[in-house]
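Down below is the structure, laid out as structure tokens.
Protein chains: 2
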Amino acid sequence: MQNESGPMKLSSAEAKSSSQTARATLVLREMIIDGHFRPNERIREIPLAAQLDVSRIPLRLALERLAHEGLLEIRPTRGFVVQQFTTGDIYDAIELRGILEGAAARLASERLRDSRDLAALREASAEMDALLRNRKLALEAFTKYIELNAKFHSALIDLCRSRILKRAIKQACALPFASPSAFLLKQSEGSPDLFFIALDQHRGIIEAISNRESMRAEFLAREHARLARRNLDVALDNRELLKSVRGAKLIQI
Amino acid sequence: MQNESGPMKLSSAEAKSSSQTARATLVLREMIIDGHFRPNERIREIPLAAQLDVSRIPLRLALERLAHEGLLEIRPTRGFVVQQFTTGDIYDAIELRGILEGAAARLASERLRDSRDLAALREASAEMDALLRNRKLALEAFTKYIELNAKFHSALIDLCRSRILKRAIKQACALPFASPSAFLLKQSEGSPDLFFIALDQHRGIIEAISNRESMRAEFLAREHARLARRNLDVALDNRELLKSVRGAKLIQI
DNA sequence: CGGAACCGCTTTGCATGCAAAATGAATCCG
DNA sequence: CGGATTCATTTTGCATGCAAAGCGGTTCCG
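Chains as they are written, first to last, in our numbering: chain A, 70 to 322; chain B, 70 to 322.
Structure below.
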């Protein structure tokens, strides 16, 4: 299968990357997520290296990295195999993110020093609020929403002041359908209510951290992750919608 | 520093490993944990490759893997640097394991099919019980205890039936002081009470899962991990004891 | 007819060597 | 005398080629 598509054109962002390994990693990650390989397909280094226009050494390093991210499985002396994910795996990956973000929210509430620490969270929350209040989510606003959502989640992780937990969350979110913005669906596609619920949960998380209500913060963050599961359910019910979900081709139906 | 010690003798277990990369990974991991490198020391590939008697390619792959485990930091075009950990990092790593094992215990209680699923847990628990009841923990019994403890924790992880969570726990336990047996201290060294408390927590976890008391299971498992923090505290108060703790040289005091 | 052994081809694992980037020591300039 | 600059040396990043292990198809034997 990996030879059926033509040689891949490097996007500017990828080409900017300094090393061959970094470029190969970026390109290959997108190829896997976009479904250029069949799940359980063994990846052959030589043709792939030719296709990516790198030699086998940087390609090998890229494959190792993607294996550590969970997209590939290492089979010693038998190469790398593209991983497949059941819907159960995806539920679990989202649940895992919820657990870890819940822990981050709790630690944030326990370790909060100053109410000004919450500025980044409040700002992201307010901007998302304005975005939703002023107009229906058009395409560019939708992009903006995703950006703000990422900012909120990253600010939450910074607040917990734990490089160990931060690292674990980064690892967990490496799977394409585990990240906070994985299953955000446009209002026209998903249920619009979910956006308002999400914002309310954001406000609740901020309030809980601010009041040092650690348990409330933890469980609100957990519940917040479950919105992704609801969006996933919507997408799974609608094959057309599912096609637009990043990494959908890796999902075993 | 990395040249001060003589060439490293390969242990039989390491030599058995088929590939150069696997051997280099095992040896290098032990070297790092044993403190053959100073924290923040940059690792130079060529002399290290000579010392380990492998070429740079498998050494590079080993370095990448250890970086993904968290023992090294990657600095592109500037090699790998040995990581240092504060006591706060270690507390957080233990807390993280507690959070994840708590999640595993909860999922286990939610997903339990049959009371026979608990056999492995009960068995490990009973054997540890007998071990502690019959005699003071002598050296060989202590080794056996560690083994049984590992068996208990691994059985718990299997029970939750989530490869995603299993993976996350494995990753979290890759840090030498985060694993369930990292800070087990011999009875003569630590507080003997802690062993009995641990066994009681094990029993509680089994009971909670068996009764589908998911919240109780989650929080017992979390609290169980905190025993490691108490042992860490004992070790931190006693420099001699700390020296026997795996990875102690990476701890910034 | 079924399974084991053989054998050619493919693929991975690794060693070596070269080019580019980083380091750091000596020099130059303000 | 302190900070920028240059240049030799070191070090990383990568390409190439070879050896060994895997794979698959055929043959051989029971």
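The beta-carbon is built from N, C-alpha and C at its ideal position, and this holds for glycine as well. Computed from a prediction, not measured in an experiment: that's the story for all the values here.
- At a beta-carbon threshold of 8 Å, none of the residues of chain A lie near Pro245/B; the nearest stands roughly 13 Å away.
- For Ser231/B, at least one C-beta of chain A is nearer than 7 Å to its own C-beta.
- The alpha helix (DSSP H) runs lying completely inside the region 270-321 of chain A and spanning 4 residues or more are 283-305 and 308-312, given in chain order.
- For Ser88/A, the chain B residues whose Cβ falls inside 8 Å of its Cβ are Pro145 and Thr146, in order along the chain.
- At a cut-off of 7 Å between beta carbons, His137/A contacts chain B.
- Taking a C-beta cut-off of 7 Å against chain B, none of the residues of the region 173-206 of chain A qualify.
- Within chain A, the residues Ser231, Ile233 and Leu234 have their CB atoms less than 7 Å from the CB of Asp161/B, given in chain order.
- By alpha-carbon distance to Ser260/A, the top candidate from Leu310/A, Arg291/A and Ala277/A is Leu310/A.
- Scanning the region 179-245 of chain A from its first residue to its last, the whole alpha helix (DSSP H) runs of 4-plus residues come out as 188-203, 208-228 and 232-241.
- According to DSSP, Arg166/B shares a beta bridge with no other residue.
- Excluding sequence positions up to five before and after Leu187/A, its CB lies within less than 7 Å of the CB of Ile275, Ile278 and Ser279, all in the same chain and listed in chain order.
- Residue range Phe149 to Val151 is occupied by the beta strand (DSSP E) that includes Val151/B, with no alpha helix (DSSP H) assigned at that position.
- Between Asp227/A and Leu268/A, the alpha-carbon positions lie close to 19 Å from each other.
- DSSP places Glu142/B in the strand class (E or B) of the three-state scheme.
- For the pair Gln152/B and Gly104/B, the Cα-to-Cα distance works out to about 11 Å.
- Annotation: Phe211/B to Ala286/B spans about 26 Å, alpha carbon to alpha carbon.
- Contact of Ala277/A with chain B is not assigned, every C-beta pair being separated by 7 Å or more.
- Counting of Cβ neighbours within 10 angstroms places Pro116/B among the exposed residues, the total staying below 16.
- With contacts defined as CB atoms closer than 7 Å, Ile233/B and Asp161/A qualify as a contacting pair.
- Listed by position along chain A, the residues whose Cβ is nearer than 7 Å to that of Asp158/B are Arg232 and Ile233.
- Around the beta carbon of Ile215/B, a 10 Å sphere encloses fewer than 16 other beta carbons of the protein chains shown; the residue is thus reported as exposed.
- Taking 8 Å as the upper bound on Cβ-Cβ separation, chain B lies near residues Ile126, Arg129, Leu130, Glu133, Arg134 and His137 of the region 119-137 of chain A.
- Burial of Thr94/B is indicated by the presence of at least 16 other C-beta atoms within 10 angstroms of its C-beta.
- Looking at the DSSP output, Ile112/A sits in a beta bridge with Phe149/A.
- Excluding the 5 residues flanking it on each side, Arg125/A has same chain C-beta neighbours closer than 8 Å at Glu114, Ile115 and Ala118, in chain order.
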